[in-house]
Each structure stands twice: as C-alpha cells, then as structure tokens.
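Before any comments, here is the structure.
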Amino acid sequence: MNIGILSWILDIQRTGINNYLYNLVMAMIEEGNSKDISLIHFQKSNDDIYKEVNDVIVSSSRGKIINPLSLSKSLKTNEIDVFHLPSHMFPQVSPFYMNTNVKKVLTIHDLIPLLYHKKLPFHYKFWTSTLKIIKNRPDSIITDSMNTKKDLINYLKIPEEKIKVIPLAHNKNYKPIKNQDLIKKELELKYNIPFPFILYAGSIEVRKNILLLIKSFYNLLKKGVKSNLVLIGSPGYGFEDMVKTVNELGLSKNVFFLGYVPDQDMVKFYNTAELFVFPSLYEGFGLPPLEAMACGCPVITSNTSSLPEVVGNAGFTLDPNDCNAFVESMYQILTNESLKTEMINKSLKRAKLFSWEKTAKETWQVYEDVLQK
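Counting in our numbering, the sequence shown runs from 139 upward without gaps.
Written out as structure tokens, the structure reads:
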C-alpha cells in the first residue's frame, strides 16, 4: 500500500495544521510505515522527515502552489493507492474532482469558514465554496472531534458512516519541566516579559475571543491580583482592535503580544505560566489547551464546540460570552493553591489519554479500510 500525503505545509513555519501533519507522519514512521509513505510537495526541503519516506516533488504554479495537473499525474506515476489531503483549506484538490483509481481521504478539522465567515476575512469564503464542491468526493473523511462530525452531518449532510473521528495529541516534548527558575530567567531575557503571567496561545484573531480575554484580565487586576497577560500567536483578523483595547484600558505594561514562538520555547511558556486561558468561540479540536495540560498548567476554556471533549473535567469550561465567569474563575485558581494543585494533577492525567501513536494507528486503519472498499 502506497500512501500519498500532500505535505508542502511541512516546509513552512509550523503552527496548527502544519504541526498536526508533522506529528502524524512522524508517528507513522515510528510505527514502521515509512516505506509506504510518499510526501508530496513542490520544493526540495532539508527537513529530516523527507529522508525517512518517499520524497515526491511536483511542479508548482509561481513557485507557491502545486500544479493540479502535475499533482494528478504524479499520483499515477508514483502508483499512489490512497491520497490524503490533510485539510480542506488547500487549493490542491484536483484529485478530488477527477474520477481516478486513487482512493481519497480528506481531513476536515472544522467548519470555521462556514460557521464564522462574518468574523473572518473575505477570502475564507473560498474555502467554504471548495468544501461544498468536494464534500462528496472523498472515500473517507477524518475529523478531530465528535463536535465537528456533528457539524459535518448537520451543515453539509455528509453520511455519518463516511466520517471517522480521530482526536489529535500533544507533542511528546510537552511535559513538566523541573528547573522553573532557570526557565523563567531564559524567557525573561529572550522575550522581555515579567513574571507572573497568564498565558494564551493560538492565532490572535476575532474568532479566538481575545477581546473578552483582555477585558477579563483588566477586571481581574481590579480585584487586586498582580499578574501579566502573554499572548502567543500570529496576528490575524481584528488584531488592531485588540491592541487598541489594550491601550484604552491602560494595559500596555501588562499585556504582551509575542507573535510566533517555536515549540521548544512554547514548552517553557506552558510550564511557567500560572494559568492558561483559551476563550475561543469555536475549535475543531483545540490543541493549545491539551498542550498546556500536558505541561501541568491549569486551563480555563470555553464550553463550546470540541473544547469540552479535550479538557474533560480537568479544567474550567465556561460560556465564552460571560466575562464575569472568566474573571471569577481566574481569580479562584490564582488565589486558591489547593484548587490549583488539584487542577494540575487532573490536567496531567487527562493529557495522557491522547497520543500521536494512537492517532497514527487509527489514521492508517482508515487508509486500509478505503483501499478495501
């Protein structure tokens, strides 16, 4: 069985879906499937992952987008049995339009472009149109959560039997670190941030409900709590309004936008944060809360979409529109050491339920199942 996976997102700065694909493929390699995997992209990469698999280069349009005709031809030339597109939010979907002998697997992480288009830039409408066109073409659809499965059934009328729920996992490097004082000095020097701090990680955009987090933090300080707010992630839609709100509330000395932070430093941030707050309105899975829990950081998140599936009873899940609930929950955890310790223990236990090994095995089973159909 030869599995072809579109992998150009592994060749750029990794966040979100990029990390999903990297960890998935690495886990498959560790399971001994490297000879059966062809990673398909449009430019040579020095990443060691390509040394472990069949490295397939196809021509691109303007050096940025894989040529659809070249991709379809490459699938035939390399005798690909199953083609896996790791997200519907890519333009390289030509095999899904064509009647070929290649079996097709599509991962749909969420329906954000469909459900939250009013809170997103105009170009997201393209992904909605693409998804509606190709939704019936895959032989199997993988999704990260039961919530997204329900959305696919309710909004796109995709047959339930075609959908396989396979949860994501956290990188093995995300774990508790003992040398807290040393780590704090490293972060303080490198990022010029003060301690203590509350942490958020994810894209900085409207859908992530950052304005509520900023306002909740402001009210938390008014209750006498001394802390700072560190937000990690690339600026997105609505970022200017968030910076404006910070300045209007007089929080410029307490709120820090750090932009992209590499994985090796993210582990340190999760370990040294007093609390992780993730008030997102909608997530296909919600990997940052899981990463935080794996490092032993107490988590407060929303009670919407897939987030309760990830956090379980290990963290607080709140109405993302209830600012007071976020303020009170943050206050309780930061002022109650026994509660904080209890949440840390529950978080570590909860995180152990997720592993990339399990994700890889279940994904490989999907490949085998579609090939037998």
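Using N, Cα and C, we set each Cβ at its ideal position, and we do this for glycine too.
None of the values given here were measured: they were computed from a predicted structure.
Query - Stretch pair the region 279-294 + the region 413-424: three plus CB contacts closer than 8 Å - result: Contact holds: three or more Cβ-Cβ distances are below 8 Å.
Query raised in the report: Between which two residues does the alpha helix (DSSP H) containing A430 stretch?
Result: Taking the first residue of the sequence shown as 1, we reach residue 430 at position 292. Here the alpha helix (DSSP H) through A430 covers L425 to A432.
Query raised in the report: Rounded to a whole number of angstroms, what is the C-alpha to C-alpha distance between I143 and S493?
Result: One-based indexing of the sequence shown puts residue 143 at position 5. One-based indexing of the sequence shown puts residue 493 at position 355. Going from the Cα of I143 to the Cα of S493 covers about 21 Å.
Requested in this report: Assess, as a yes-or-no matter, whether the region 304-324 is touched by the region 378-388 under the definition of 3 or more beta carbon pairs within less than 8 Å.
Outcome: For the pair of segments examined, the region 378-388 was found not to touch the region 304-324: the number of CB pairs separated by less than 8 Å stays below three.
Query raised in the report: For E505, does the count of other Cβ atoms within 10 angstroms reach 16, so buried, or fall short, so exposed?
Result: In the sequence shown, residue 505 corresponds to position 367, counting from 1. Residue identity differs from the one stated: residue 505 is Tyr in this sequence, not Glu. Y505 comes out buried.
Query raised in the report: Taking the alpha carbon of N140 as the point to measure from, which residue in L159, W146 and L177 has its own alpha carbon closest?
Result: Mapped onto the sequence shown, residue 140 falls at position 2. Taking only the C-alpha atoms, the option nearest N140 is L177.
Requested in this report: Apply the 10 Å Cβ neighbour rule to T473 and answer buried if 16 or more other Cβ atoms are within range, or exposed otherwise.
Outcome: Along the sequence shown, read from residue 1 onward, the residue named residue 473 stands at position 335. Burial state of T473 is exposed, judged by a 10 Å Cβ sphere holding fewer than 16 other Cβ atoms.
Query raised in the report: Does DSSP put N366 in a helix, in a strand, or in coil?
Result: On the sequence shown, residue 366 is found 228 positions in, with the first residue counted as 1. Strand at N366.
Query raised in the report: DSSP puts A339 in a beta bridge; with which residues?
Result: Position 201 of the sequence shown, counting from 1, holds the residue named residue 339. BP columns for A339 point to I370.
Query raised in the report: Is F492 helix, strand or coil when you go by DSSP?
Result: On the sequence shown, residue 492 is found 354 positions in, with the first residue counted as 1. Secondary structure at F492: coil, using DSSP grouped into helix, strand and coil.
Query - For I352, three-class secondary structure by DSSP - result: What you label residue 352 is simply residue 214 of the sequence shown in a count that begins at 1. The answer is helix: DSSP assigns I352 an H, G or I state.
Query raised in the report: For S476, which of helix, strand or coil comes out of DSSP?
Result: By 1-based counting over the sequence shown, the position of residue 476 is 338. Helix, per DSSP.
Query - Alpha-carbon spacing of L252 relative to Y329, whole angstroms - result: Residue numbering aside, residue 252 sits at position 114 when the sequence shown is read from its first letter. Residue numbering aside, residue 329 sits at position 191 when the sequence shown is read from its first letter. C-alpha separation (whole angstroms): 36 Å.
Requested in this report: Tell me where the alpha helix (DSSP H) around K288 begins and ends.
Outcome: Counting from 1 along the sequence shown, the entry for residue 288 is found at position 150. Segment M284 to L294, the alpha helix (DSSP H) holding K288.
Query raised in the report: For the beta strand (DSSP E) that contains V393, what are its first and last residues?
Result: Counting from 1 along the sequence shown, the entry for residue 393 is found at position 255. From DSSP, the beta strand (DSSP E) with V393 extends over V393 to G397.
Query - C-beta atoms of T223 and I187 nearer than 8 Å - result: For the purposes of this step, residue 223 is taken as the residue at position 85 of the sequence shown. For the purposes of this step, residue 187 is taken as the residue at position 49 of the sequence shown. According to the sequence shown, residue 223 is Leu rather than Thr. Result no, Cβ atoms of L223 and I187 do not sit closer than 8 Å.
Report task. Could you spell out where the alpha helix (DSSP H) holding V194 opens and where it closes? Result -> For the purposes of this step, residue 194 is taken as residue 56 along the sequence shown, with counting starting at 1. Looking at the DSSP string, V194 is not in any alpha helix (DSSP H); the run it does join, the beta strand (DSSP E), is N192 to I195.
Report task. Measure the alpha-carbon distance for Y408 versus I352 and round it to whole angstroms. Result -> Counting from one through the sequence shown, the residue named residue 408 turns up at place 270. Counting from one through the sequence shown, the residue named residue 352 turns up at place 214. Rounded to the nearest angstrom, the two C-alpha atoms are 19 Å apart.
Report task. Rank E475, I250 and S283 by C-alpha distance to the C-alpha of L269 and give the top, closest one. Result -> Walking along the sequence shown from the start, residue 269 turns up at place 131. When only C-alpha atoms are compared, the closest one is I250.
Query raised in the report: K241 bridges to which residues according to DSSP?
Result: Locating residue 241 in the sequence shown gives position 103, where the first residue counts as 1. Its beta-bridge partners are V220.
Query raised in the report: When the Cα atoms are used, what is the spatial distance from A411 to G388?
Result: Within the sequence shown, the letter at position 273 stands for residue 411. Within the sequence shown, the letter at position 250 stands for residue 388. Taking the straight line joining both Cα atoms gives about 22 Å.
Report task. With DSSP collapsed to three states, give me the class of K406. Result -> Counting from one through the sequence shown, the residue named residue 406 turns up at place 268. In the structure shown, K406 adopts helical secondary structure according to DSSP, grouped into three states.
Query raised in the report: Counting along the chain, where does the alpha helix (DSSP H) carrying L413 start and finish?
Result: The count along the sequence shown starts at 1 and reaches residue 413 at position 275. In the DSSP annotation of this structure, L413 is not part of any alpha helix (DSSP H); the continuous beta strand (DSSP E) holding it starts and ends at L413 to F416.
Query raised in the report: Counting along the chain, where does the beta strand (DSSP E) carrying K302 start and finish?
Result: Reading the sequence shown from its first residue, position 164 is the one you call residue 302. Element bounds for K302: I301 to V303.
**Report entry** Cβ-Cβ distance between T497 and I304 below 8 Å
**Finding:** Position 359 of the sequence shown holds residue 497. Position 166 of the sequence shown holds residue 304. Yes, the Cβ-Cβ distance between T497 and I304 is below 8 Å.
Query raised in the report: For G483, does the count of other Cβ atoms within 10 angstroms reach 16, so buried, or fall short, so exposed?
Result: As a working mapping, residue 483 is identified with position 345 in the sequence shown. One detail in the question is off: residue 483 reads as Asn in this sequence, not Gly. Exposed, by the Cβ-count rule.
Query - Presumed contact (8 Å Cβ cut-off) between F414 and P446, rounded CB distance - result: The residue labelled residue 414 in the question sits at position 276 within the sequence shown. The residue labelled residue 446 in the question sits at position 308 within the sequence shown. Between P446 and F414 the Cβ distance is about 16 Å, and since that is not below 8 Å, they are no contact.
Query raised in the report: The alpha helix (DSSP H) with V384 in it runs from where to where?
Result: Stepping through the sequence shown from its first residue, residue 384 is reached at position 246. Looking at the DSSP string, the run of the alpha helix (DSSP H) that includes V384 is F377 to E386.
Query raised in the report: When you compare only the Cα positions, how much space is there between V393 and Q318?
Result: Along the sequence shown, read from residue 1 onward, the residue named residue 393 stands at position 255. Along the sequence shown, read from residue 1 onward, the residue named residue 318 stands at position 180. So the alpha carbons of these two residues sit roughly 22 Å apart.
Query - Nearest neighbour of A165, chosen from L244, W502 and L509 [CA to CA] - result: Along the sequence shown, one-based indexing puts residue 165 at 27. Cα-wise, what sits closest to A165 is W502.
**Report entry** Which of helix, strand or coil DSSP assigns to F454
**Finding:** As a working mapping, residue 454 is identified with position 316 in the sequence shown. F454: strand per DSSP, three-state reduction.
Query raised in the report: Applying the criterion that 16 or more other CB atoms from any shown protein chain within 10 Å of the CB defines a buried residue, is T215 buried or exposed?
Result: On the sequence shown, position 77 is the one that residue 215 refers to. T215 should be labelled exposed.
Query - According to DSSP, residues forming a beta bridge with V437 - result: Translated into the one-based positions of the sequence shown, residue 437 becomes position 299. Paired residue(s): F414.
Query raised in the report: In three-state terms, what does DSSP make of L358?
Result: The residue you call residue 358 lines up with position 220 of the sequence shown. Residue state, collapsed to three classes: helix.
Query raised in the report: DSSP state of T442, grouped into three classes?
Result: Numbered from 1 along the sequence shown, position 304 holds the residue referred to as residue 442. It is coil, neither helix nor strand.
Report task. Please confirm whether any heavy atom of the ligand MG lies closer than 7 Å to the CB of P314. Result -> Absence of the ligand MG from the depicted structure is noted, as is the absence of any ligand whatsoever, leaving it without description.
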